[in-house]
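Number of protein chains: 2
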Amino acid sequence: MHSEVVASRSADQRDSRESRNGTPQLDAVSLAIIEQLQEDGRRPYAAIGKAVGLSEAAVRQRVQKLLDQGVMQIVAVTDPLTVGFRRQAMVGINVEGDVESVADALTAMSECEYVVMTAGSFDLMVEIVCEDDDHLLDVINKRIRALPGVRSTESFVYLKLKKQTYMWGTR
Amino acid sequence: MHSEVVASRSADQRDSRESRNGTPQLDAVSLAIIEQLQEDGRRPYAAIGKAVGLSEAAVRQRVQKLLDQGVMQIVAVTDPLTVGFRRQAMVGINVEGDVESVADALTAMSECEYVVMTAGSFDLMVEIVCEDDDHLLDVINKRIRALPGVRSTESFVYLKLKKQTYMWGTR
DNA sequence: CATCACTGCTGCGAAATCCGCAGGGTTCCG
DNA sequence: CGGAACCCTGCGGATTTCGCAGCAGTGATG
């Protein structure tokens, strides 16, 4: 017990501050806490504390801070199919003019689950979650293509989701 | 209070069974529970019960069942950048021969966060999460392209993640 | 119609967890 | 040397979780 991270606590603490790019830097203990919560988001603080070598209260404070900072969030994730969304697609988009403003417009659409600006033959890639084919068609043809600046789109309808994990940092 | 779902409980219960396609069907109450947990994965059962019109114990039993069935999971999700993964990419893949076996091989790779079989000009799309450029290059050129059956790949390196939600069912 | 199995909800007490707070140690300044 | 900023620990009290017994509705069976 308490075998984990004991060395040089002072150094670890220091780099939980902001780094130059504005994103908070995480020490090994916070990373270990995140790993615990990636396995089970409801794991008790005391159990986490035992695993990472910290008291219950300390874990609680760190978790709260990570949540406040937006470093992580603890949520239920579902299989879209079982929740009634039968059609999903990835859409690659090419833009003329300001990519960011198109991205913002997409972000505002509730059907867009995932919006990312990319390098390559697409400027944007968007994941769409819909209830059925009609819905999907409507979103792609009527809403996305209608956005000012959208030059072209290419769709990849999902046939089968093989893997979906949230294990960043657990490697 | 208790204003939510009171009508026809018998009907609701019935369709929490399996439907023809093997995926469990969810009633309105379970959906409401999931929505609560999508807002906060650690919300107490009693609070959820108050919101959906059920007792604490009933909520607890339903949540446990949803977890057991694999309908949802409660986990911590993070911003990859703050956890030390500085390069991400979407990779479109074309396959000759058995697509499924290639998909399985990709699924087994820890760097592949997301694997989906698609219709369109790619057979597979894969999201890769890496520590740096070298790591990314290695995964794409050495590991993915080396897979038997992989005919070609096209990469889309992430420049900026604009949106990432887990709000299925919360619409 | 009686009965049995099954499922899901409720209520309740005991155990475990969460929460707020006071106190102590360390580091970093002026 | 103070003082401020952090982060940790320990500790009660409030809250939550947990397991279980009991009950009601449904469907199948004879």
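Those protein sequence lines, which keep their order, are chains X and A. The numbering of the first sequence is full-length UniProt numbering, which starts it at 1 and goes up by one. The numbering of the second sequence is full-length UniProt numbering, which starts it at 1 and goes up by one. No residue lacks a Cβ here, since even glycine has one placed at the ideal position from N, Cα and C.
field: residue 158 of chain X: first and last residue of the uninterrupted beta strand (DSSP E) it sits in
entry: The residue given as residue 158 of chain X occupies position 158 in the first sequence. From DSSP, the beta strand (DSSP E) with residue 158 of chain X extends over 150-164.
message: Below 9 Å on C-beta distance, what does residue 130 of chain A contact in chain X?
response: Here the question's residue 130 of chain A lines up with position 130 in the second sequence. Those within 9 Å of residue 130 of chain A in chain X number zero; the least Cβ separation is about 11 Å.
message: Let me make sure I understand the geometry here. Which of X:25, X:37, X:157, X:160 has the alpha-carbon closest to that of residue 73 of chain X?
response: As a position in the first sequence, residue 73 of chain X is number 73, starting the count at 1. Among X:25, X:37, X:157, X:160, the Cα nearest to that of residue 73 of chain X is on X:37.
message: 8 Å is my cut-off, CB to CB: does residue 3 of chain X come that close to chain A?
response: Against the first sequence, residue 3 of chain X aligns to sequence position 3. Caution applies to residue 3 of chain X, whose pLDDT of 36 falls short of 50 and renders its modelled position unreliable; the value that the coordinates give is listed next. Judged by the 8 Å Cβ criterion, residue 3 of chain X is not in contact with chain A.
query: Using 8 Å as the limit for Cβ to Cβ distance, is residue 11 of chain X near chain A?
result: For the purposes of this step, residue 11 of chain X is taken as the residue at position 11 of the first sequence. Bear in mind that the predicted position of residue 11 of chain X carries a pLDDT of just 37, short of 50, making it unreliable; the figure below should be weighed with that in mind. Residue 11 of chain X does not count as touching chain A.
message: Short of 9 Å Cβ to Cβ, which residues in the stretch 134-160 of chain X face chain A?
response: 154, 155, 156, 157, 158, 159, 160
Cα-Cα separation, residue 123 of chain X to residue 93 of chain X: In the first sequence, residue 123 of chain X corresponds to position 123, counting from 1. In the first sequence, residue 93 of chain X corresponds to position 93, counting from 1. Looking at the two C-alpha atoms, the distance is approximately 6 Å.
query: Closest Cβ-Cβ distance between residue 48 of chain X and chain A: below 8 Å?
result: Taking the first residue of the first sequence as position 1, residue 48 of chain X is located at position 48. Taking Cβ atoms only, chain A never reaches closer than 8 Å to residue 48 of chain X, which makes this a no.
message: Which same chain residues end up closer than 6 Å to residue 46 of chain X when comparing Cβ atoms and leaving out the 5 residues on each side of it in sequence?
response: Along the first sequence, one-based indexing puts residue 46 of chain X at 46. Same-chain partners within the cutoff: 56.
- prompt: Who are the Cβ neighbours of residue 6 of chain A in its own chain at under 7 Å, not counting the five residues just before and after it?
  reply: Against the second sequence, residue 6 of chain A aligns to sequence position 6. For residue 6 of chain A, the predicted model reports a pLDDT of 35, less than 50, meaning its position is unreliable and no value from the coordinates is stated.
query: Would a check of beta-carbon distances place residue 45 of chain X closer than 8 Å to chain A?
result: Taking the first sequence and counting its residues from 1, the one referred to as residue 45 of chain X is at position 45. No - not a single Cβ of chain A is within 8 Å of the one on residue 45 of chain X.
message: Going by the DSSP bridge assignment, what does residue 118 of chain A pair with across the sheet?
response: Within the second sequence, numbered from 1, the residue matching residue 118 of chain A stands at position 118. The partner list for residue 118 of chain A (beta bridge, DSSP) reads X:158.
- prompt: How is residue 25 of chain A classed by DSSP in three states: helix, strand or coil?
  reply: In the second sequence, residue 25 of chain A corresponds to position 25, counting from 1. It is coil, neither helix nor strand.
Interface flag, residue 163 of chain X vs chain A, CB-CB below 8 Å: Working through the first sequence from its first residue, we reach residue 163 of chain X at position 163. Output row for residue 163 of chain X: interface = yes.
message: Taking the beta strand (DSSP E) that residue 129 of chain A belongs to, which residues open and close that run?
response: Position 129 of the second sequence, counted from the start, is the residue given in the question as residue 129 of chain A. From DSSP, the beta strand (DSSP E) with residue 129 of chain A extends over 124-130.
task: Go through the stretch 47-95 of chain X residue by residue and report every complete run of the beta strand (DSSP E) that reaches 3 residues or more, in order.
output: 72-78, 87-95
- request: For the stretch 67-79 of chain A, enumerate the residues whose C-beta is nearer than 8 Å to any C-beta of chain X, in chain order.
  value: 70, 71, 72, 73, 74, 75, 76, 77, 78, 79
query: Listed in chain order, which residues of the stretch 53-66 of chain X have Cβ atoms closer than 7 Å to some Cβ of chain A?
result: none
- request: Return the residues of the stretch 112-124 of chain A that lie within a Cβ-Cβ distance of less than 8 Å from chain X, sorted by chain order.
  value: 112, 113, 114, 115, 116, 117, 118, 119, 120, 121, 122
task: Count the other C-beta atoms from every protein chain shown that fall within 10 angstroms of the C-beta of residue 66 of chain A, then say buried if there are 16 or more, exposed otherwise.
output: As a first step, residue 66 of chain A must be located in the second sequence, where it is residue number 66. Its Cβ being crowded by 16 or more others within 10 Å, residue 66 of chain A is buried.
task: Look up residue 113 of chain A in the DSSP assignment and say whether it is helix, strand or coil.
output: What you label residue 113 of chain A is simply residue 113 of the second sequence in a count that begins at 1. It is a strand residue.
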